[in-house]
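Let me begin by presenting the structure, written as structure tokens, before commenting on it.
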């Protein structure tokens with residue numbers, strides 16, 4: 001167990017990435033994730049790695065494609081508008097079956113929006129963002145310690161499945177400081193026989209490509225990729241279950257709002273309402289199973305989120321609308337107070353018999 | 001407890017590594033100066049971080065009669081590295097105590113360079129280096145000194161003292177503070193600068209008070225949502 005240090009969430013991502021063997025960072029500054037780049041700029045030269053501030057987000061993601069093709073661990077980070085710019089490249093990474101870590105420390109939107117925290121890129125992260133049929137593994141940390149742990153996990157999953165893993169954090173997670181221990185890093189990278197490392201005339205050449213001239217071949221490729229996605233859905237869904245044993249009201253929330261929900265649950269329970277929380281840690285694959293199980297036991301669900309209602313749709317799908325699903329939300333950089341969440345719990349408790 | 005305040009100069013500037021706790025220390029120091037009967041103003045010179053600003057303590061400062069000079073964009077929905085012209089009044093008018101909260105690292109200290117000639121000309125200031133050994137990029141004395149030199153170049157000013165603000169946030173214990181003492185002493189030895197004071201929260205003040213000299217009891221800032 002290494003000694004604890006005090007870090008911002010953004011810094012924890014950067015340090016954990018370096019510990020996970022990522023020696024290549026390409027990015028472009030944007031609030032509220034700039035500390036990832038600033039930290040990399042300080043650390044990468046000291047470990048013989050590469051930090052490069054590209055001329056744009058589009059350039060940065062294409063540099064990521066280049067390094068990912070060689071099988072080396074590589075990452076980029078940005079905030080909402082920057083991820084929109086990178087979405088074309090993310091689709092190409094998916095089409096080339098390349099592993100990479102992409103970090104989105106979300107801010108309010110749409111458009112330039114604002115620099116305060118948000119979760120309104122949930123659809124973009126979990127349903128596509130770029131063009132074509134593809135998925136990203138999406139991880140949603142809820143503490144600075146998890147920012148570090150899920151960064152390592154993200155690299156491992158990306159390598160295992162040859163696809164993009166995305167950290168979907170928000171401005172609060174990126175900016176807040178908490179004690180963190182970055183240790184016992186388990187690097188699971190494995191062989192990468194597909195990587196472009198030079199044949200040295202000893203093997204047939206590898207090709208990394210997302211262009212398929214024959215539609216039936218492309219269709220077959222998509223079928224194969226979705227077989228892989230199916231396995232991931234079966235094996236990799238992660239969630240935290242909090243006070244769910246006897247819960248009548250189930251809150252579903254991730255990231256910063258899950259922490260607010262926990263405070264609200266304590267207050268609600270003191271008032272005699274049995275509330276609990278299911279906190280998705282992977283947003284894709286979405287933890288459908290525990291939610292469906294909860295739908296047989298709970299009277300109502302409440303999605304607490306920083307968007308106009310995006311997570312709420314996956315809650316409705318996962319619970320197959322067996323029970324009413326309420327929305328408790330703020331947007332634009334505003335955050336619900338624990339009291340607002342308590343009020344939502346009381347409303348659901350009263351209405352859903 | 002506030003013996004270090006006797007040495008207070010008219011201008012006190014807090015600079016240091018990003019996230020070392022400068023804003024909290026500056027706000028608490030201004031409140032102590034006020035409590036000691038001085039007329040105090042505080043200026044937010046941070047052009048690096050749009051969050052965690054002196055302005056978050058605006059209500060408390062106002063309640064205590066401390067004028068705050070801060071960018072109107074601080075804590076807003078835009079990230080503009082703007083400074084209000086009012087800051088000159090703290091530098092050029094010498095009838096009040098002035099506390100400056102400087103942005104992190106050399107990038108933050110660049111803004112101070114704009115005012116350093118006037119401050120040095122008046123020659124009644126302290127430039128204090130805020131250090132936290134639990135911040136990974138300043139965890140060794142050598143790293144802290146490296147950052148200090150970078151700040152001095154950017155600010156065009158020399159530090160005059162050290163503030164040991166070593167903490168692990170809410171997980172800070174008396175041991176956390178005790179273990180930081182040799183670190184702070186080594187930074188002091190390497191730089192020849194005195195440790196002006198060590199910060200502790202109220203929670204642990206009693207346990208460390210007779211063991212570390214020049215303690216400053218601080219309370220943590222409540223973020224205004």
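Chains as they are written, first to last, in my numbering: chain H, 1 to 353; chain B, 1 to 225. We put the beta carbon where it would ideally sit given N, CA and C, even for glycine.
Length of the line joining the Cα atoms of residue i and residue j
i: residue 340 (chain H); j: residue 346 (chain H); result: 10 angstroms
i: residue 5 (chain H); j: residue 15 (chain H); result: 11 angstroms
i: residue 169 (chain H); j: residue 39 (chain B); result: 43 angstroms
i: residue 13 (chain B); j: residue 85 (chain H); result: 41 angstroms
i: residue 48 (chain B); j: residue 59 (chain B); result: 23 angstroms
i: residue 62 (chain B); j: residue 107 (chain B); result: 29 angstroms
i: residue 95 (chain B); j: residue 218 (chain B); result: 26 angstroms
i: residue 187 (chain H); j: residue 156 (chain H); result: 7 angstroms
i: residue 277 (chain H); j: residue 56 (chain B); result: 31 angstroms
i: residue 69 (chain H); j: residue 45 (chain H); result: 22 angstroms
i: residue 199 (chain H); j: residue 71 (chain H); result: 14 angstroms
i: residue 334 (chain H); j: residue 166 (chain H); result: 24 angstroms
i: residue 156 (chain B); j: residue 84 (chain B); result: 21 angstroms
i: residue 264 (chain H); j: residue 286 (chain H); result: 24 angstroms
i: residue 111 (chain B); j: residue 103 (chain B); result: 8 angstroms
i: residue 159 (chain B); j: residue 37 (chain H); result: 28 angstroms
i: residue 193 (chain H); j: residue 203 (chain H); result: 10 angstroms
i: residue 8 (chain B); j: residue 198 (chain B); result: 15 angstroms
i: residue 115 (chain H); j: residue 129 (chain B); result: 29 angstroms
i: residue 218 (chain H); j: residue 207 (chain H); result: 15 angstroms
i: residue 78 (chain B); j: residue 79 (chain H); result: 14 angstroms
i: residue 118 (chain H); j: residue 98 (chain B); result: 37 angstroms
i: residue 173 (chain B); j: residue 194 (chain B); result: 24 angstroms
i: residue 89 (chain H); j: residue 305 (chain H); result: 28 angstroms
Residue from the options with nearest C-alpha to residue i
i: residue 352 (chain H); options: H:289, H:295 and H:165; result: H:295
i: residue 107 (chain H); options: H:145, H:34, H:181 and H:276; result: H:34
i: residue 135 (chain H); options: H:227, H:331 and H:191; result: H:227
i: residue 261 (chain H); options: H:269, H:270 and H:251; result: H:251
i: residue 80 (chain B); options: H:222, H:258, H:32 and H:81; result: H:32
i: residue 161 (chain B); options: B:140, B:175 and B:190; result: B:190
i: residue 342 (chain H); options: H:270, H:178 and H:140; result: H:270
i: residue 3 (chain H); options: H:181, H:328 and H:152; result: H:181
i: residue 124 (chain B); options: B:151, B:109 and B:92; result: B:92
i: residue 354 (chain H); options: H:327, H:309, H:307 and H:47; result: Nothing in the structure corresponds to residue 354 (chain H), since chain H is present only between 1 and 353.
i: residue 4 (chain B); options: B:220, B:163 and B:174; result: B:163
i: residue 280 (chain H); options: H:124, H:239, H:229 and H:208; result: H:239
i: residue 146 (chain H); options: H:98, H:97, H:121 and H:13; result: H:13
i: residue 332 (chain H); options: H:132, H:101 and H:111; result: H:111
i: residue 208 (chain B); options: B:177, B:192 and B:186; result: B:177
Simplified DSSP assignment, three categories, for residue i
i: residue 254 (chain H); result: coil
i: residue 343 (chain H); result: helix
i: residue 270 (chain H); result: helix
i: residue 185 (chain H); result: coil
i: residue 223 (chain B); result: With a pLDDT of 46 at residue 223 (chain B), under the threshold of 50, the predicted position of this residue should be treated as unreliable, and no value is reported.
i: residue 85 (chain H); result: helix
i: residue 218 (chain B); result: strand
i: residue 79 (chain H); result: coil
i: residue 10 (chain H); result: helix
i: residue 5 (chain B); result: helix
i: residue 132 (chain B); result: coil
i: residue 152 (chain B); result: helix
i: residue 115 (chain B); result: coil
i: residue 47 (chain H); result: helix
i: residue 3 (chain H); result: coil
i: residue 74 (chain H); result: strand
Where the alpha helix (DSSP H) containing residue i begins and where it ends
i: residue 235 (chain H); result: 215-235
i: residue 188 (chain B); result: 181-191
i: residue 27 (chain H); result: Where residue 27 (chain H) is concerned, there is no enclosing alpha helix (DSSP H), although the beta strand (DSSP E) it sits in stretches over 24-27.
i: residue 34 (chain H); result: 34-43
i: residue 63 (chain H); result: 57-69
Limits of the beta strand (DSSP E) - the one that residue i falls within
i: residue 178 (chain B); result: That residue, residue 178 (chain B), is in no beta strand (DSSP E); its alpha helix (DSSP H) goes 174-178.
i: residue 196 (chain B); result: 195-201
i: residue 52 (chain H); result: 50-53
i: residue 239 (chain H); result: 239-242
i: residue 170 (chain B); result: From DSSP, residue 170 (chain B) is part of no beta strand (DSSP E); its letter is neither H nor E.
i: residue 164 (chain B); result: 161-164
Contacts that residue i makes with chain D (C-beta to C-beta distance below 7 angstroms)
i: residue 169 (chain B); result: Among the protein chains in the structure shown, which are H and B, there is no chain D.
Residue i beta carbon near the ligand FMN (any heavy atom closer than 7 angstroms)
i: residue 20 (chain B); result: Among the ligands in the structure shown, none appear at all, so the ligand FMN cannot be discussed.
*Tell me the start and end of each unbroken alpha helix (DSSP H) in the stretch 89-144 of chain H that is at least 4 residues and wholly inside, in chain order.*
Correct list: 122-126.
*Which runs of the beta strand (DSSP E), 3 residues or longer, sit entirely within the stretch 14-71 of chain B?*
As far as the stretch 14-71 of chain B is concerned, its whole beta strand (DSSP E) runs of at least 3 residues are 40-45 and 67-69.
*Pick out the complete beta strand (DSSP E) segments inside the stretch 275-332 of chain H, 3 residues or longer, and give them in chain order.*
Runs found: 275-280, 282-284, 300-305 and 325-329.
_alpha helix (DSSP H) segments (min. 4 residues) lying fully within the stretch 146-201 of chain H_ = Runs found: 171-175.
*Can you give, in chain order, each stretch of the beta strand (DSSP E) that sits fully within the stretch 85-111 of chain B and has at least 3 residues?*
Whole beta strand (DSSP E) segments, 3+ residues: 97-102.
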